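In my numbering, the protein residues as written are 63 to 482. All C-beta atoms in this analysis are idealised placements derived from N, C-alpha and C, irrespective of residue type, glycine included. Model, not experiment: these values are computed from the prediction. Have a look at the structure below, then the notes.
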Amino acid sequence: MTPDALKAALCRHIDERRDDVITLLRDFLRIRSVNPPGDTREAADFVRGILDRFGLEHHTVAAREEMPNILSRWHAPHVGRHLVLNGHMDVFPVSDDRLWAADIEGDRIVARGASDMKTGTLASILTYCLLYPHRNRLFGMLTLTVVSDEQSGGRYGTKFLFDNHAEDIAGDCCLNGEPSGLGNLRFMEKGTLRFALSATGPGGHGGYPHRANNPIQQVVAATQALYDRYHGRLAEMPEEFAAVLRSPDSVAAADAILGQGATDNALRITVNAGIIEGGRKATQIPTGCTVHVDMRFPVGPDRDRVRAELPLLAEEFGCTLTVNEDHSYPASSTDPFGEMAGILRANTRALLGMDAPPVCSLGGTDTRYWRWRGIPAVICGPSPLSMGTDNEHVTIEEAINVLKLQVMCAADYLSVPASG
Numbered sequence: 063m064t065p066d067a068l069k070a071a072l073c074r075h076i077d078e079r080r081d082d083v084i085t086l087l088r089d090f091l092r093i094r095s096v097n098p099p100g101d102t103r104e105a106a107d108f109v110r111g112i113l114d115r116f117g118l119e120h121h122t123v124a125a126r127e128e129m130p131n132i133l134s135r136w137h138a139p140h141v142g143r144h145l146v147l148n149g150h151m152d153v154f155p156v157s158d159d160r161l162w163a164a165d166i167e168g169d170r171i172v173a174r175g176a177s178d179m180k181t182g183t184l185a186s187i188l189t190y191c192l193l194y195p196h197r198n199r200l201f202g203m204l205t206l207t208v209v210s211d212e213q214s215g216g217r218y219g220t221k222f223l224f225d226n227h228a229e230d231i232a233g234d235c236c237l238n239g240e241p242s243g244l245g246n247l248r249f250m251e252k253g254t255l256r257f258a259l260s261a262t263g264p265g266g267h268g269g270y271p272h273r274a275n276n277p278i279q280q281v282v283a284a285t286q287a288l289y290d291r292y293h294g295r296l297a298e299m300p301e302e303f304a305a306v307l308r309s310p311d312s313v314a315a316a317d318a319i320l321g322q323g324a325t326d327n328a329l330r331i332t333v334n335a336g337i338i339e340g341g342r343k344a345t346q347i348p349t350g351c352t353v354h355v356d357m358r359f360p361v362g363p364d365r366d367r368v369r370a371e372l373p374l375l376a377e378e379f380g381c382t383l384t385v386n387e388d389h390s391y392p393a394s395s396t397d398p399f400g401e402m403a404g405i406l407r408a409n410t411r412a413l414l415g416m417d418a419p420p421v422c423s424l425g426g427t428d429t430r431y432w433r434w435r436g437i438p439a440v441i442c443g444p445s446p447l448s449m450g451t452d453n454e455h456v457t458i459e460e461a462i463n464v465l466k467l468q469v470m471c472a473a474d475y476l477s478v479p480a481s482g
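Below, the structure written as structure tokens:
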């Protein structure tokens, strides 16, 4: 059976079991694996149950009992490359409990994790399982990594695996199902600095500002300075990357999938003050205030430069700087014209009749852990636009197509014998 015939047979198999796939996805989405606190044990039981039904061996490793990571691998009988599938089980918190029902509303499933990222994770699990019976036609090996803690930086998830089991999960290429949207290739993602600026004082009565400093005023002034100095500033990006992002096809794809202006955003530094805490009463001078900030940086030197400047900014406004190291990391990229990138674009054209131009992710994914090691890593998942919202959803057609594309890409990659 040729690779094209195998892919066609697998896609027919998925179509024939379409209802079963959607039922399985909705069951996965109903599991409350919120991070924080990050307890994914019930979700892990669900994943292990799928692997057991397909007769696939697996094992679990964990830095913390409530945050398990599942590993499984099968070998083809012929020598080839090592492909790794990666997805996470933890999801954002909710403010509307209806998201746990995973109801079908029209053509979509509305649920927490439908976009980020249980649809993509299930696609990886099923890709791993569906290719197993056809392994005699393939080359190399396929590894599945289903992890915890991605939403909180990966310290107990993929980072833990690379720190302790790198030889098992590095591979030659990674395919990840994070929300990306169909019809684009995520070859780059921004780096981050996540930090807090805090100020303190003795407090007092609001009518006596001559007697005490006001920490809220200090923190607000420091936050405004962050925006004035950095937000929207054009980054110092390598020209070869900037040229890819500015190409007409990439601009059109990014703006269509991520919203108008996404390409311009990808070229710039951004600042987001997400939480500000301080004070108890309008007539009191508060004793403390803290702002929590997330900054994003394209590939290039800006992140390190700004990090070196932050202590000076904090000192200027009488604030204390605390960097969240687990959530701060460099940008990452993979070759937008590499082998797996070409495989994804070709299969997107074949399945959906559209190209997948290279664009930059605006959020973070675990693919960075592979890219930092020079291992190609690409993303194939559903639309990101609703993730984290009270209307998070995936269309049924999109969920099926994400699965098909992951199966097709993995089949193509594993249809090539080892060189030499």
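Asked: According to DSSP, is Arg143 helix, strand or coil?; Found: strand
Asked: Below 8 Å CB to CB, which residues in the same chain sit around Asn409 once its five sequence neighbours on both sides are set aside?; Found: Lys69, Leu467, Met470, Cys471 and Asp474
Asked: Examine the Cβ distances between the stretch 448-462 and the stretch 171-186 and report whether three or more of them are shorter than 8 Å.; Found: yes
Asked: Pick out whichever of Leu320, Ser134, Arg126 and Gly100 has its Cα sitting closest to the Cα of Leu113.; Found: Ser134
Asked: Please go through the stretch 198-237 and give each complete alpha helix (DSSP H) segment of 4 or more residues, from N-terminal end onward.; Found: 220-231
Asked: Please report the straight-line C-alpha distance between Val141 and Pro479, rounded to a whole angstrom.; Found: 6 Å
Asked: Suppose the cutoff is 7 Å on Cβ atoms and the five residues either side in sequence are ignored; what does the same chain contact list for Arg103 look like?; Found: Glu128 and Pro130
Asked: Report the residue from Val282, Ser448, Gly450 and Arg94 whose alpha carbon sits nearest the alpha carbon of Val355.; Found: Val282
Asked: Among Ala274, Arg248, Gly263 and Val368, which residue has its Cα nearest to the Cα of Glu298?; Found: Val368
Asked: For Glu378, tell me which candidate among Ser445, Gln322 and Thr285 has the shortest Cα-Cα distance.; Found: Thr285
Asked: In this structure, what does DSSP give as the bridge partners for Ala261?; Found: Cys351
Asked: In chain order, which beta strand (DSSP E) runs of at least 3 residues are fully inside the stretch 433-476?; Found: 439-441 and 455-457
Asked: Do the stretch 341-354 and the stretch 252-272 meet, that is, are 3 or more Cβ pairs less than 8 Å apart?; Found: yes
Asked: Buried or exposed for Met203, going by 16 or more other Cβ atoms inside 10 Å?; Found: buried
Asked: Looking only at DSSP bridge pairs, what is Glu167 linked to?; Found: Arg170
Asked: Use the C-beta contact count for Thr270: other C-beta atoms within 10 angstroms, 16 or more gives buried, fewer gives exposed.; Found: Reading off the sequence, residue 270 comes out as Tyr, not Thr. The residue is exposed, with fewer than 16 neighbouring Cβ atoms inside 10 Å.
Asked: How big is the Cα-Cα spacing for Ala71 and Arg308?; Found: 38 Å
Asked: Run the CB neighbour count on Thr183, radius 10 Å, all protein chains shown included, and call it buried at 16 or more, exposed below.; Found: buried
Asked: Go to Pro277, then tell me how far its alpha helix (DSSP H) extends in each direction, as first and last residue.; Found: Pro277 to Tyr292
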